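Numbering (numbering that gives the first Met the number 0), first residue to last: 0 to 132. Yeah, the Cβ is synthetic: ideal placement off N, Cα and C, and Gly gets one too. Because the structure is a prediction, the values reported are computed rather than measured.
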Amino acid sequence: MKTPEIWQKFLKTYTAKVFACLIFTDIPLLIFWLFIALGKAIDHESGWILQIFFFFSLLISSNILCKLVILLPTILLEKYFIKPDYELITSTPRGQKLEQLSIILQVIFLIFSLIYLLCSIILYKMGIYKFEF
């Protein structure tokens with residue numbers, strides 16, 4: 000199978016519809032990330048920024064876990080229980096473009112989130128920042 004065929008087949012699943020709706024969990028995190036960037040540009044106190052950095056790492060982790068908790072049952076239900084007729088699942092061309100855009104943005108955000116988490120772990124292991132309760 001070619002990649003476009005796999006992509007089109009994936010877009011006709013219920014899992015793709017659910018995954019496309021989960022972009023609304025990423026929007027608040029992106030806004031929060033913007034405020035952190037602005038706060039870092041304005042405030043030069045490293046302690047406050049590092050605490051926010053650590054807190055944001057926890058938010059990203061919880062966001063990824065939340066998506067997994069929602070998507071895994073959807074995938075399993077669709078594969079083993081529901082078994083829908085994929086030819087009956089239709090969308091308008093505009094709706095399909097929005098779903099594709101939503102899924103692509105979420106994958107990009109996931110990649111950046113994982114890079115962010117890896118950087119925060121590296122900084123913590125290097126001892127550059129320490130979070131104390």
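Element boundaries [alpha helix (DSSP H), containing residue i]
{"i": "S112", "result": "P92 to M125"}
Best match in the options for proximity to residue i [C-alpha to C-alpha]
{"i": "S56", "options": "Y79, F108, Y115 and K124", "result": "Y115"}
{"i": "D84", "options": "T12, D25 and G126", "result": "T12"}
Where residue i falls: helix, strand or coil (DSSP)
{"i": "P83", "result": "coil"}
{"i": "T73", "result": "helix"}
{"i": "T89", "result": "coil"}
{"i": "K11", "result": "coil"}
{"i": "F132", "result": "Low per-residue confidence applies at F132: pLDDT is 43, beneath 50, and the placement is therefore not dependable, though the value from the model is reported in the following sentence. In this structure, F132 counts as coil in the three-state DSSP scheme."}
Under 8 Å between C-beta atoms of residue i and residue j
{"i": "F18", "j": "I102", "result": "yes"}
{"i": "Q105", "j": "L33", "result": "no"}
{"i": "T14", "j": "L70", "result": "yes"}
{"i": "L28", "j": "N62", "result": "yes"}
{"i": "S90", "j": "E98", "result": "yes"}
{"i": "F111", "j": "D25", "result": "no"}
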